[in-house]
Amino acid sequence: MSRLRTRRPDSSPSAQPAGLAQPSPWPGQPQPAGGPGPVRTPPDANRRTTWVLLAIWIGVMFAIYLVTEVYRKPSEGKVMAHGVLEIPRDRDGHFRVAGSVNGVPVQFMVDTGASLISITDAVAVRANLGEGVPISFQTANGVRQGMMSRAERVEVGPLAVNGLRVGTGYTGESARDALLGQNFLRYFDVSISGNSMVLKARDSEAMR
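Per UniProt numbering, the sequence shown starts with residue 1, numbered consecutively.
Given below as structure tokens:
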């Protein structure tokens with residue numbers, strides 16, 4: 001005669017009745033029944049990662065801004081002697097130097113092919129040049145409309161010329177950009193050697 005054997009319930013601590021949720025490693029997030037399921041990243045870790053990435057992005061943008069400002073900062077030129085200014089060649093091959101029109105700071109690009117000094121409308125307003133006379137300028141990019149005015153004083157380093165005609169309506173990369181044309185340069189001996197341009201005043205009237 002066979003004996004019936006009864007199986008005792010598993011009393012081990014790990015045994016859980018089927019269909020019941022397993023305890024969650026994070027409070028407030030129940031783990032589904034049937035196993036541990038996918039591993040989830042804690043919410044705090046996600047927030048920390050977001051803030052770290054944001055801080056890195058801000059740092060990169062700030063570094064780009066600083067590099068751009070350094071690159072855009074105009075050279076003051078180097079005074080070689082009384083009435084002599086050396087201008088270094090910029091990275092793009094042009095000669096740029098800080099200057100002013102009626103005391104308003106500008107960044108001149110020396111253009112030996114331009115007949116006049118050209119400035120933006122924003123600089124013209126700040127320099128109080130007035131309306132001037134309407135005129136069409138022939139440029140490398142075509143005809144440009146602007147105004148012809150007269151500046152009381154144009155300065156580049158230790159060099160200065162009074163009463164020069166100035167064309168407005170110039171468009172550069174920034175409102176401070178300007179062209180330094182022949183009506184200023186003709187007062188100086190201009191020479192280029194390697195990566196340097198030298199302006200030497202022809203008389204004392206062109207020196208501050």
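Idealized CB from N, CA, C, for every residue including glycine.
No experiment lies behind these values; they were computed from the predicted model shown.
What are the boundary residues of the alpha helix (DSSP H) that R126 is part of?
-> Indexing the sequence shown from 1 puts residue 126 at position 126. Judged by DSSP secondary structure, R126 falls within the alpha helix (DSSP H) whose first and last residues are 121 to 126.
Where the alpha helix (DSSP H) through F184 begins and ends | Indexing the sequence shown from 1 puts residue 184 at position 184. For F184, the enclosing alpha helix (DSSP H) covers residues 182 to 185.
Could you please give me the residues that DSSP links to G146 through a beta bridge?
-> By one-based count along the sequence shown, residue 146 stands at place 146. In DSSP, G146 forms a bridge with I135.
Nearest neighbour of S118, chosen from V125, L159, M148 [CA to CA] = For the purposes of this step, residue 118 is taken as residue 118 along the sequence shown, with counting starting at 1. Considering only alpha carbons, the answer is M148.
Locate the beta strand (DSSP E) running through A81, then write down its first and last residues.
-> As a position in the sequence shown, residue 81 is number 81, starting the count at 1. Per DSSP, the continuous beta strand (DSSP E) segment holding A81 begins and ends at 78 to 81.
Who pairs with M197 in a beta bridge, going by DSSP?
-> Here residue 197 corresponds to residue number 197 of the sequence shown, with the count starting at 1. In the DSSP output, where bridge partners are listed per residue, M197 has I87, I192.
Would you check if the stretch 183 to 192 and the stretch 105 to 120 touch, i.e. whether three or more CB-CB distances between them fall below 8 angstroms?
-> Result yes; three or more Cβ-Cβ pairs closer than 8 angstroms.
Can you check whether the CB of E152 is closer than 8 angstroms to the CB of G163?
-> Looking up residue 163 in the sequence shown gives position 163. Looking up residue 152 in the sequence shown gives position 152. Closer than 8 angstroms, so yes.
Distance, Cα to Cα, V161 vs M61?
-> Against the sequence shown, residue 161 aligns to sequence position 161. Against the sequence shown, residue 61 aligns to sequence position 61. Spanning the two alpha carbons is a distance of roughly 41 angstroms.
Sub-8 angstroms separation of T120 and G172 beta-carbons = As a working mapping, residue 120 is identified with position 120 in the sequence shown. As a working mapping, residue 172 is identified with position 172 in the sequence shown. Result yes, Cβ atoms of T120 and G172 sit closer than 8 angstroms.
W90 versus R96 - alpha carbon distance = Residue 90 sits at position 90 when you count from the first residue of the sequence shown. Residue 96 sits at position 96 when you count from the first residue of the sequence shown. At residue 90 the sequence reads Asp, which differs from the Trp that was named. Rounded to whole angstroms, D90 and R96 show a C-alpha spacing of 6 angstroms.
Terminal residues of the continuous beta strand (DSSP E) containing P105?
-> The residue given as residue 105 occupies position 105 in the sequence shown. Where P105 is concerned, the enclosing beta strand (DSSP E) starts and stops at 104 to 110.
With 16 other Cβ atoms within 10 Å as the buried cut-off, status of R202 = Here residue 202 refers to the residue found at position 202 of the sequence shown. Label assigned to R202: exposed.
By how many angstroms is the C-alpha of H94 removed from the C-alpha of P88?
-> Here residue 88 refers to the residue found at position 88 when the sequence shown is read from its first residue. Here residue 94 refers to the residue found at position 94 when the sequence shown is read from its first residue. Straight across, the Cα-Cα distance linking P88 with H94 is about 9 angstroms.
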